[in-house]
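Numbering of the sequence shown is given in our numbering, commencing with residue 5 and proceeding in unit increments. Glycine included, each C-beta is placed from N, C-alpha and C at the ideal position. Since the structure comes first, as structure tokens, the remarks are kept for the end.
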Amino acid sequence: MADTEAVAGTEAIPPTQNEQHDSAAKKKQANSYYYWHNHEKERAKVGDVAPMPKPVLLKKSDPSVLPASTASYPITKHSWCDGKKNVTVYIDTKLDEKETMVEDTLQVEFGKRRLTVSYIANVQTSKDAATQRRKQLVLCLAKAIKSKESSYKVKDPSGQIVIRLAKAEETSWWELAKKDGKLSDADDSDEENDGKADEGDGAAEEKA
């Protein structure tokens, strides 16, 4: 009987303070891990956990397309000659084998006393580098022309632009452009035609 009471008494002994502390610590660690693990899942549900960023294609560069400069560069190499009914202007687009005109970029505008020529040129800036530049020539003509009867063409294979300005009056031209370069609105307009043409317009472009 005494042995039975002793066994019963042993089972009823409460845990020591150290045992309680160890048990609480283990339980706290388990709860802490579970809480954090569960917290990550909850954050993911509401989008709080951002996924790894994926690369986004912003721009694809084509090595065959050269960047064109937004600035205009003056056309410096040109000449002209006076005829009875026409004044002819010659513009060279191939310069020292380092510059050529890009096909289908030529634009020619005729005004009553104004000539504007522009195109895009491929320019070899160094041995291994090239770029594109917008070339432009703007002339305030010395005398009036007939813009509707004026024309231009490009000579192959030299790439030379030949422009024929139809004279409004059959008088001699001693100079191609006005020295002061000033042009009034009346001089720049043409009542019969706005004087604008580009490549592909057969009315203004001569056939080679």
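Can you tell me the Cα-Cα spacing of Arg138 and Leu110, whole angstroms? The sequence position of residue 138 within the sequence shown is 134, counting from 1. The sequence position of residue 110 within the sequence shown is 106, counting from 1. C-alpha separation (whole angstroms): 10 Å.
Give me the residue from Lys147, Cys144, Ala148, Tyr123 with the minimum Cα distance to Gln136. Taking the sequence shown and counting its residues from 1, the one referred to as residue 136 is at position 132. Out of Lys147, Cys144, Ala148, Tyr123, Tyr123 has the C-alpha closest to the C-alpha of Gln136.
Assign Ser154 to buried or exposed, taking buried as 16 or more other Cβ atoms, counted over all protein chains shown, within 10 Å of its Cβ. Counting from one through the sequence shown, the residue named residue 154 turns up at place 150. Buried, by the Cβ-count rule.
Alpha-carbon to alpha-carbon, Ile149 and Pro78: Position 74 of the sequence shown, counted from the first residue, corresponds to residue 78. Position 145 of the sequence shown, counted from the first residue, corresponds to residue 149. Rounded to whole angstroms, Pro78 to Ile149 spans 23 Å at the Cα level.
Could you please give me the residues that DSSP links to Ile167 through a beta bridge? Against the sequence shown, residue 167 aligns to sequence position 163. For Ile167, which the question treats as bridged, DSSP gives the partners Val93, Tyr156.
For my contact list, Arg118 and Cys144 are in at a C-beta cut-off of 8 Å; report their separation, rounded to the angstrom. Within the sequence shown, the letter at position 114 stands for residue 118. Within the sequence shown, the letter at position 140 stands for residue 144. Indeed, because the Cβ distance is near 6 Å, the residues count as touching under 8 Å.
Less than 8 Å between the CB atoms is what I'm expecting for Val142 and Ala134, so what's the real figure, rounded? Numbered from 1 along the sequence shown, position 138 holds the residue referred to as residue 142. Numbered from 1 along the sequence shown, position 130 holds the residue referred to as residue 134. In fact, because the Cβ distance is near 26 Å, the residues do not count as touching under 8 Å.
Val121 (DSSP reduced to helix, strand or coil): Counted from its first residue, the sequence shown places residue 121 at position 117. Reduced to three states, the DSSP call for Val121 is strand.
Just how far apart, CA to CA, sit Val106 and Ala170? For the purposes of this step, residue 106 is taken as the residue at position 102 of the sequence shown. For the purposes of this step, residue 170 is taken as the residue at position 166 of the sequence shown. About 27 Å.
Lys89 and Glu174 look like a contact to me (Cβ under 8 Å); what is the Cβ gap, rounded to whole Å? As a position in the sequence shown, residue 89 is number 85, starting the count at 1. As a position in the sequence shown, residue 174 is number 170, starting the count at 1. About 6 Å; that satisfies the 8 Å criterion.
Of the choices Ala172, Gly163, Trp177, whose alpha-carbon is the least far from that of Thr104? Position 100 of the sequence shown, counted from the start, is the residue given in the question as residue 104. With distances taken between Cα atoms, Thr104 lies closest to Gly163.
Can you tell me the Cα-Cα spacing of Asp86 and Trp177, whole angstroms? Within the sequence shown, the letter at position 82 stands for residue 86. Within the sequence shown, the letter at position 173 stands for residue 177. C-alpha separation (whole angstroms): 6 Å.
Pull up the distance between the alpha-carbon of Pro161 and that of Ala172, whole angstroms please. For this step, residue 161 is matched to residue 157 along the sequence shown. For this step, residue 172 is matched to residue 168 along the sequence shown. Using only the alpha carbons, I get a separation of about 32 Å.
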